Structures are given as structure tokens and as C-alpha cells.
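To keep things clear, I will list the structure first and then write my remarks on it.
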Amino acid sequence: MTKYLTFWTDGELFGLPISDVVQIISMQGITPLPDFPDYAKGVINLRGNIIPVIDIRVRFGKPEAEYNENTCIIVTSIEDSYMGFIVDAVDEVTDLDEDSISPPPKVSKDITNRYLTGIGQIEEKVILLLDVAKILSENELTEVHETAAQNKSAEAADKHPETPVVDLRAAAVKKNEGE
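Note that the sequence shown covers residues 510 to 688 in the working numbering.
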């Protein structure tokens, strides 16, 4: 059995392996960045980590929707970095055994089949199971992280353009020697 976090987006139920989920946070202010693709809404600061945020609706070609009290961000771990995904609402954590998972349909070779790992079923619920590492291609993932890092560096330089480096221990020693 594998545990999945299930969530709703545009009336469809999706699932991510719980092992890929770091945290679920309520919707918060997102800092937009220039040169980000439409689906990448910007970045958030989560305990000192700058995390790119992707709107799953837009990424999946669905119409944008107003964010509300159910909208949240699922923070995931992809390789050595974090990525946040905006979803309409989180549903639950559920167990799926191998027998309740079917392979994704082979209707076409479009982008959808790239990130679908299977289709789970619990009673009457159909859950589209996602591979979080494949929601973005390697090039898209690199582009999003590089743009976020460049903007973080530029923002830090703008805020503190001439911040002197001070050795506090040396200053304390000088103060003690003067007394």
C-alpha cells in the first residue's frame, strides 16, 4: 500500500505520493517574478527557503480560478529542491494498493501522459496519480529554479547594496581591550 495526498483541481481528483509532500500551507502572498512562465505564479518564502509556486490549473491547461479559503499550496520535494503547487482544495490522505491502480490510458503522446503514473480507484472515486518530478520537464524545472534564484540574488543586492561585513567577535575584543 502507498499513501497518497489527494486534492481537487477544476473538478478532478489528483493524488501525489505522500513521500513527495513536505507541507501543505494555506494560500499566502506570492511574489511575482519577471520572465516566469504563465503557470509559474512567483515565489514564496517558507522559513527562509525561496520556493517557486506553480498553479496546477494553468499548468494543466485549465482556466484560472479565483483563489478562496480552500485554495492551498502543496510544498513538494523534487530532487534537491522544493516546489509549491497551488490546488483548489486538499481532499485527504488515502491508501492505495497496487490492485486499485491502473496504468494511464495510452490515448495520445501529449504532455498529460508524461506526468500521470496511473489511475487509482477507491469505491466510486477516480484519482489521477501524478509524478511530481514530471509535472514540469527538466528544462522547465531548471528555468523556474534559475529565474527564482536570479531574482532572489538581485533582490538581496538591491536591499543591501553596500552592507559592510562586520566581524562581531573582533569588535567585542576591541571593546573589552578599551575598558
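We put the CB at the ideal spot given by N, CA and C, even for glycine.
Computed from a predicted structure; not experimentally measured.
query                                                                                                                             : result
As assigned by DSSP and simplified to three states, the class of residue 547                                                      : coil
Beta-carbon proximity check, residue 583 vs residue 514, cutoff 8 Å                                                               : yes
Own chain partners of residue 535 with C-beta closer than 7 Å, once the 5 adjacent residues on each side are dropped              : 581
Beta-carbon contacts of residue 525 that lie in its chain and below 6 Å, excluding the five residues immediately before and after : 514, 639, 641
Delimiting residues of the beta strand (DSSP E) encompassing residue 527                                                          : Where residue 527 is concerned, there is no enclosing beta strand (DSSP E), given that its DSSP letter is neither H nor E.
Burial state of residue 549 (16 or more Cβ within 10 Å)                                                                           : buried
Simplified DSSP state of residue 608, which is helix, strand or coil                                                              : helix
Rounded straight-line distance, which links the Cα of residue 538 to that of residue 551                                          : 10 Å
Assigned secondary structure, residue 624 (DSSP; H/G/I helix, E/B strand, else coil)                                              : helix
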